[in-house]
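*Asks:* Quick one: the structure is below, and I'll ask about it shortly.
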Amino acid sequence: MGKAESAEVLMEKGANLGIRTPAADTALHLAVQAGAASIAGLLLSKGMDTNLRNQAEETPLHVAALWDHGALVGLLVSAGARINAVTKDFATPLHIASQRGHADVARQLLHHKAPVNAQDKQAKSPLHLAAEQGHKTLDMDGCTPLHYASMKGNTDILKLLLASGKNKNINDRNRQNMQNKKVATEFLGSKYLY
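For the sequence shown, position 172 matches number 172 in UniProt numbering, and the numbering has no gaps at all.
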């Protein structure tokens with residue numbers, strides 16, 4: 001008998017879905033942490049609330065972001081998980097995924113309309129957290145957040161990324177770096193770029 005089958009038998013025999021750990025985690029929090037999609041699906045089919053919070057005010061969706069379980073994001077959101085739920089530090093699941101460098105989870109959260117500019121308790125957006133951690137995320141064109149900030153003329157983000165030590169010489173797939181982009185020079189001037 002597998003784990004999901006064992007869980008189903010326990011529920012059929014009256015296992016209490018409302019019991020929590022000392023940290024106030026529900027069975028759904030723990031199934032998500034373990035990446036056990038079949039058990040999470042079973043719990044959801046039994047009506048388990050996707051938005052219950054533990055002591056840190058984390059929902060199961062926060063836990064999926066924390067443990068890099070992108071496969072569970074869609075399952076939780078389709079079952080009613082609030083994409084914009086915040087922890088006691090006002091962190092959304094996207095904040096957590098961005099800080100941890102979990103790009104797949106971040107992409108899935110954004111696909112489900114996660115608030116990209118939400119601010120945590122320290123007024124940091126998910127991009128601030130990703131930049132602080134030095135994640136080198138490239139899109140399919142080989143562009144980094146630095147490339148996009150440069151192309152869009154977003155001076156605040158450019159300054160933030162450059163101050164955090166981002167490499168301004170990384171080339172995209174067209175062999176263009178931010179110094180080659182006219183917009184960067186127009187908005188920032190050579191003192192930031194060279």
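All C-beta atoms, glycine included, are put in the ideal place defined by N, C-alpha and C. Predicted model only: the values in this text are computed from it and were never measured.
Measuring straight from C-alpha to C-alpha, what distance separates Glu132 and Met11?
*Replies:* As a first step, residue 132 is located in the sequence shown; it is residue number 132 there, counting from the start. As a first step, residue 11 is located in the sequence shown; it is residue number 11 there, counting from the start. Their Cα atoms are separated by approximately 44 Å.
*Asks:* Check whether the region 20 to 27 touches the region 64 to 73, counting contact only when three or more Cβ pairs, one atom from each stretch, lie closer than 8 Å.
*Replies:* The region 20 to 27 vs the region 64 to 73: no contact.
*Asks:* With a CB to CB cut of under 7 Å and the five nearest residues on each side skipped, what residues in its chain are close to Glu8?
*Replies:* Numbered from its first residue, the sequence shown carries residue 8 at position 8. For Glu8, where only same-chain residues beyond five positions count, the Cβ hits under 7 Å are Leu42.
*Asks:* On the CB-based measure, 16 or more other CB atoms within 10 Å of its CB, does Asn54 come out buried or exposed?
*Replies:* Here the question's residue 54 lines up with position 54 in the sequence shown. Label assigned to Asn54: buried.
*Asks:* Looking only at C-alpha atoms, which of Ala103, Leu66, Ser6 and Ala118 sits nearest to His29?
*Replies:* Here the question's residue 29 lines up with position 29 in the sequence shown. Measuring from the Cα of His29, the nearest candidate turns out to be Leu66.
*Asks:* Going by the beta-carbon positions, is the gap between Leu129 and His95 smaller than 8 Å?
*Replies:* Taking the first residue of the sequence shown as position 1, residue 129 is located at position 129. Taking the first residue of the sequence shown as position 1, residue 95 is located at position 95. Going by C-beta atoms, Leu129 is nearer than 8 Å to His95.
*Asks:* Starting from the C-beta of Asn84, find all residues in its chain whose C-beta is less than 8 Å away, skip the five residues before and the five after it, and write them out in chain order.
*Replies:* In the sequence shown, the residue the question calls residue 84 occupies position 84. So the list reads Thr92, Ala114, Pro115 and Ala118, once near-sequence residues are dropped.
*Asks:* How about Leu17 and Ala31: do their beta carbons lie closer than 8 Å?
*Replies:* Against the sequence shown, residue 17 aligns to sequence position 17. Against the sequence shown, residue 31 aligns to sequence position 31. Cβ distance not < 8 Å, so Leu17 and Ala31 don't count as in contact.
*Asks:* If I follow the unbroken alpha helix (DSSP H) through Asp104, where does it start and stop?
*Replies:* Taking the first residue of the sequence shown as position 1, residue 104 is located at position 104. Element bounds for Asp104: Ala103 to His111.
*Asks:* Short check: CB of Val105 to CB of Ala40, under 8 Å?
*Replies:* The residue labelled residue 105 in the question sits at position 105 within the sequence shown. The residue labelled residue 40 in the question sits at position 40 within the sequence shown. In this structure, Ala40 does not lie closer than 8 Å to Val105 by Cβ.
*Asks:* Can you tell me whether Ala97 is buried or exposed? The criterion is at least 16 other CB atoms within 10 Å of its CB, across all chains shown.
*Replies:* The sequence position of residue 97 within the sequence shown is 97, counting from 1. Flag for Ala97 reads buried.
*Asks:* If you draw a straight line from the C-alpha of Lys159 to the C-alpha of Ser125, how long is it?
*Replies:* Here the question's residue 159 lines up with position 159 in the sequence shown. Here the question's residue 125 lines up with position 125 in the sequence shown. Roughly 15 Å between the two C-alpha positions.
*Asks:* I'd like the list of long-range same chain contacts for Lys88, defined as Cβ closer than 7 Å, with 5 residues on each side in sequence excluded.
*Replies:* Residue 88 sits at position 88 when you count from the first residue of the sequence shown. For Lys88, where only same-chain residues beyond five positions count, the Cβ hits under 7 Å are Ala56 and Glu57.
*Asks:* Spatial neighbours of Lys121 within its chain, please: C-beta separation below 6 Å, excluding the five flanking residues on both sides.
*Replies:* Taking the sequence shown and counting its residues from 1, one reaches residue 121 at position 121. Excluding sequence neighbours, Lys121 sits near Asp89 and Phe90.
*Asks:* Under 8 Å between the Cβ atoms of Ala34 and Leu61?
*Replies:* Stepping through the sequence shown from its first residue, residue 34 is reached at position 34. Stepping through the sequence shown from its first residue, residue 61 is reached at position 61. Not in contact: Ala34 and Leu61 (Cβ atoms no closer than 8 Å).
*Asks:* For the region 4 to 62, list the alpha helix (DSSP H) runs that are entirely contained and at least 4 residues long, ordered along the chain.
*Replies:* Taking only runs of at least 4 residues, the alpha helix (DSSP H) segments lying wholly in the region 4 to 62 are 27 to 34 and 37 to 45.
*Asks:* In this structure, does DSSP put Ile83 in helix, strand or coil?
*Replies:* Translated into positions along the sequence shown, residue 83 becomes position 83. If DSSP states are grouped into helix, strand and coil, Ile83 belongs with coil.
*Asks:* So, with DSSP's three-state summary, where would you put His69?
*Replies:* Residue numbering aside, residue 69 sits at position 69 when the sequence shown is read from its first letter. Residue state, collapsed to three classes: coil.
*Asks:* If you draw a straight line from the alpha carbon of Ser6 to that of Ala123, how long is it in whole angstroms?
*Replies:* Your numbering for residue 6 matches position 6 in the sequence shown. Your numbering for residue 123 matches position 123 in the sequence shown. If you take the alpha carbons of Ser6 and Ala123, they lie about 44 Å apart.
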